[in-house]
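Under this note's numbering, think of the first position of the sequence shown as 366, with each following residue one higher. For glycine and all other residues, C-beta sits at the position ideal for the given N, C-alpha and C. All remarks here apply to the structure that follows.
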Amino acid sequence: MHLIEILLPLRDADGEAFPAEYYDDLAQHLTDKFGGVTSFLRAPAEGRWHGGGATQREDIAVMEVMARSFDREWWAALKNELTAKFRQEELIVRCQMVELL
Numbered sequence: 366m367h368l369i370e371i372l373l374p375l376r377d378a379d380g381e382a383f384p385a386e387y388y389d390d391l392a393q394h395l396t397d398k399f400g401g402v403t404s405f406l407r408a409p410a411e412g413r414w415h416g417g418g419a420t421q422r423e424d425i426a427v428m429e430v431m432a433r434s435f436d437r438e439w440w441a442a443l444k445n446e447l448t449a450k451f452r453q454e455e456l457i458v459r460c461q462m463v464e465l466l
């Protein structure tokens, strides 16, 4: 089983919140394709990284799905679509193998 996580920004570079529909539409799309999604939107995570000579900070939302197989091309296309929609230089989509008990 694969666990796929998408890390999404909550705000754009100017500090404006992205529309709730962006997250709702993605959650529905993933539910339709994979039969379910887990969204961590209400208690955002915090991302930190070094850039521009200082530590950068950003509140993020996380969406995750579990899938029996991993279609790299499908996920790469979704990542490209989301990177443009959320106006990001880079967007993290990660996949890991998990064992269900």
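For Ala441, the closest alpha carbon among the candidates Ala392, Arg433, Ile457, Tyr387 is that of Ile457.
Taking the Cα positions, Ile371 is about 23 Å away from Leu466. Annotation: the continuous beta strand (DSSP E) that includes Leu368 extends over 367-374. Listed in chain order, the non-local C-beta contacts of Ile369 below 6 Å within the same chain comprise Val430, Cys460, local neighbours out to five positions each way being set aside. Of the candidates Glu386, Thr403, Phe399, Leu447, the residue whose Cα lies closest to the Cα of Phe435 is Phe399. For Gln453, there is no enclosing alpha helix (DSSP H), as DSSP marks it with neither H nor E. Beta-bridge analysis with DSSP links Val430 to Ile369. Pairing Ala392 with Met428, the inter-Cα distance amounts to about 8 Å.
The C-beta distance from Ala385 to Arg376 rounds to 13 Å, too long to fall under 8 Å, and the pair is not in contact.
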